[in-house]
Structures are given as C-alpha cells and as structure tokens.
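Colleague: Quick one: structure below, then a few questions.
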Amino acid sequence: MASLDKRYAALFEVCLASLILTFVWWFYEAYLKRNMFWYFGLPKFIMMLLALLAIILPRRSFRIYGFLPRSPRFTLKWSSVFIAIFILPSAFSIGVSAALGVAKPAGLSPLSIILNVIFNMIFIGLVEEAYFRGYVQSRLNEAFERRWRRLIFKAWKVDYGMSLPLTSIIFALIHIVNY
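Numbering (our numbering), first residue to last: 57 to 235.
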C-alpha cells in the first residue's frame, strides 16, 4: 500500500500538470490569433508528450492503457456496434437537416464539416485520451495501488481503483474552464 505522502505527491503532480496545460490553453484562446494549428497545436502536443513519456520512460506497454486491443475481434465488434448505434444516425440526421435547409451549419461546406469531425476525433479525442489515461490515470494508479472489482463487463478486463474517480474529477474541472 502506498504511503499517504506518495498519494498526495502524485495527486499534486497531475493537478499541477493539468493546471499548467489549462493555463497554456487559456492563454492561447485569450491572447493569440485563432490559427487552427497554433490554437490546438501546442497544448495538445504537450498533452501527448506527457502521456507518451509516462508510458515510454518506465517502459510500460501500450496494451496496459488500452491503446492496443487485447482482443481485436472483441474491439472491432463493439466499435461497429457503437458506430451503428450512435455515429451513423447522428450523421444521417445532420445530413438530412442540412439538405432540407432546417439546419444551416454556420456557413461550413460539407468537406469542412467532415474535416472538423475527423480533426476532433483524432487530434482532440485521441490526445485527451492519451493524456488522461496515459499520464493522469496511470500516475494515480501507481500511487493508489488498491484496485476494486470490475464494474461493467468482465470481458473488458479493466480493474478500477481510486484513480478512476480522481481522473474523472480532474477531467471535469479542466473542461468546466471552457464554460
């Protein structure tokens, strides 16, 4: 069991790193021109770098953090179900609304909308996932060693500990700053 000081140090470390990233993001948003590369580039680059360093330096496996599937067949099956249930109906609804003139997508062309969706899924979703799972949650997992039982499906093979709710709180606090 990790000592209390070790836990506080890990929590302080990830909170400080997240606070710095939030400040960098705020500074970019408040004071710099909204050039797509520079606006998203530096904060996301720092997040990805921290996540990669947290995985690579201690020589951990990418599989431990879910970046490589344990069962590609299982992953492909559930990814297909997710796409069929959520993504396709949403895309269809947006397309029909735009075609009928019910919704006007802020003067964006269909190509621009597609590129924005791809950009958000790859460069924002993936980088945030890498940062929060690869760095924040893994660092807290080291400090908060005790694990709980699996919550959802036993096939997912993910043990949860105190790091999960703490990571969720840090994630929420960072995103509250946007509003």
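Note that the Cβ used here is the ideal one computed from N, Cα and C, for glycine as well.
#1: Quick check: what's the CA-CA separation for L156 versus A140?
#2: How many Å lie between S59 and R195 at the Cα?
#3: Where A162 and V173 are concerned, what is the direct C-alpha to C-alpha distance, given to the nearest angstrom?
#4: Hey, would you say V80 sits closer than 9 Å to Y191, going by beta carbons?
#5: Considering F68, what are the terminal residues of the alpha helix (DSSP H) in which it resides?
#6: Taking only three categories from DSSP, how would you classify G163?
#7: Tell me which same chain residues have a C-beta within less than 6 Å of the C-beta of S153, skipping the five on either side of it?
#8: Could you work out which residue in I225, I76 and S149 is closest to F100 when comparing CA atoms only?
#9: Mind checking whether the beta-carbon of I180 lies closer than 8 Å to any heavy atom of the ligand MN?
#10: Between the C-alpha atoms of A107 and N197, what's the straight-line distance to the nearest angstrom?
#11: Measure how close the beta-carbons of S74 and I226 come, nearest whole angstrom, since I'm counting them as under 8 Å.
#12: Give the range of the alpha helix (DSSP H) segment to which R195 is assigned.
#13: Name the DSSP bridge partner or partners of G181?
#14: Keeping to the same chain, check which residues put their C-beta closer than 8 Å to that of L220; ignore five residues upstream and five downstream.
#15: Quick check on F68: buried or exposed, where buried means 16 or more other Cβ atoms within 10 Å of its Cβ?
#16: From Y64, E85 and M103, pick the residue whose C-alpha is nearest to that of L182; which is it?
Modeller: Walking through what the data contain:
#1: 23 Å
#2: 14 Å
#3: 14 Å
#4: Contact: no.
#5: L60 to Y87
#6: Assigned with DSSP and collapsed to three states, G163 falls in coil, not helix or strand.
#7: A159
#8: The amino acid occupying residue 100 in the given sequence is Lys; Phe does not appear at that position. Selection I225, I76 and S149 evaluated against K100 yields I76 as nearest (Cα-Cα).
#9: What this structure holds is no ligand at all, so the ligand MN is not there to describe.
#10: 14 Å
#11: 5 Å
#12: S194 to A199
#13: Answer by DSSP bridge pairing: none, since G181 is not bridged.
#14: Q193
#15: exposed
#16: M103
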